[in-house]
Amino acid sequence: MVTRTKLLSSLALGLLLGAGAVSAQPSWLRNLGPHDLCCGPKAMNDFGPTAAAFASLESRDILQPAIPALPQAAATVAIGPAASAPSPAATEIKPTAEADAAGVYQVTFVHLSAYEFVAPPDEKQAGEAEKQIPAPVKALDAKKVAVTGFMLPVKMNEGLVTEFLLVKDPMACCYGVMPKVNEWVVVRMNGKGVPPLMDVPITFEGTLKVGQIYEGGYLTGLYLLQGERRVESKG
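What the sequence shown shows, in mature numbering (1 follows the signal peptide of the UniProt record, and there is no 0), is residues -24 to -1, 1 to 211, in sequence order.
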């Protein structure tokens, strides 16, 4: 199975390795197929991933090892004046998310990715790095929200997606553009899961957790949505 830790760790490593030479990347990362992270490790058809591609998400490990050692060069990433990370006070999020009549905040990546976040070198410095998240975004923590983005399946069970990334850009994987850490939301669905639906904007409602997410010592995201249901996309 393509586990959450494996997929998100690969994105975390991408944040650290960035546009570095391919030769500097771990062999397990270089060996990924062109659509292993977005569409499954099988070929695509004209209408998206094949059934075999989704089935393979349930049966095959595509990343080995699960949590590899970081190259020495990656350890030079730092928080501080040299990183020139904007402070929350200097970052104004426009427009701010507003709640509808039912008290659900309508959130898009206009809100969630409207600031720069520099990943700390390790989890021990997470407290300082947390200051980069602007107050209007932090205010969404523990709120009922509806978030719109594009589905990137992470875990499936009996043909239904139980966990996925909701990403800002549908081309983030297929065209080699690594999304920023604030350009995806980790979604864990309540219940049995939802049918896979990719390459179109979709909206999911649930309770949002704002803050750094670490797994195995790696920063794997800033946003976690406990998904309740898919709703009609607005706009």
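Yeah, the Cβ is synthetic: ideal placement off N, Cα and C, and Gly gets one too.
Extent of the continuous beta strand (DSSP E) run through residue i
i    : result
K114 : Not the beta strand (DSSP E): K114 falls in the alpha helix (DSSP H), residues 111 to 114.
K185 : 178 to 191
V143 : 136 to 143
Local conformation of residue i per DSSP, three classes
i     : result
F85   : helix
E204  : strand
K210  : coil
L46   : Low per-residue confidence applies at L46: pLDDT is 35, beneath 50, and the placement is therefore not dependable, though the value from the model is reported in the following sentence. Looking at L46 - three-state DSSP - the assignment turns out to be coil, as it is neither helix nor strand.
A(-4) : Because A(-4) sits at a pLDDT of 37, beneath the cut-off of 50, its placement in the model cannot be relied upon, and the following sentence gives the value as read from the coordinates. It is coil, neither helix nor strand.
I55   : Here I55 scores only 35 on pLDDT, less than 50, and its place in the model should not be relied on; the value that follows carries that caveat. Note: I55 maps to coil in three-state DSSP.
N- and C-terminal bounds of the alpha helix (DSSP H) containing residue i
i    : result
A122 : A122 -> not in any alpha helix (DSSP H); beta strand (DSSP E) instead, spanning 120 to 133.
G103 : 102 to 105
Identity of the residues DSSP links to residue i by a beta bridge
i           : result
residue 240 : The requested residue 240 does not occur in the structure, where the chain is confined to residues -24 to 211.
Y91         : In DSSP, Y91 forms no bridge with anything.
V170        : V137
G197        : I189
A75         : Y81
Identity of the residue in the options nearest residue i by Cα
i           : options                : result
V162        : A75, M132, E139        : E139
E92         : A78, G103, K107        : K107
G125        : A90, Q202, T183, V86   : V86
V207        : E181, E104, V83, P96   : E181
A77         : P96, P97, K114, A122   : A122
E104        : Q188, L128, T196       : Q188
A118        : S209, K210, L200, R205 : L200
G203        : E191, G167, V130, G193 : G167
E159        : E74, V83, A75, G79     : V83
V113        : A90, E99, L173, L141   : A90
V75         : A115, D98, M154        : Looking at the sequence itself, residue 75 is Ala, so the reference to Val does not match. Cα-wise, what sits closest to A75 is A115.
E99         : K210, S209, G192, R205 : G192
L173        : L195, P129, G197, E134 : P129
L141        : N133, L195, M127       : M127
Q101        : P171, K156, K131, Y190 : Y190
V186        : K120, P96, G79         : K120
P96         : V143, V170, R205, G197 : G197
V137        : P171, V143, V153       : P171
M165        : V94, P155, R205        : R205
K144        : G169, L184, L88, V94   : L88
E134        : Y81, V157, I109, G169  : G169
K156        : Y81, M132, G79, V94    : V94
V176        : M132, K210, L184, Y194 : K210
residue 221 : Y194, L195, V153, P146 : Because the chain here runs from -24 to 211, residue 221 falls outside it and cannot be looked at.
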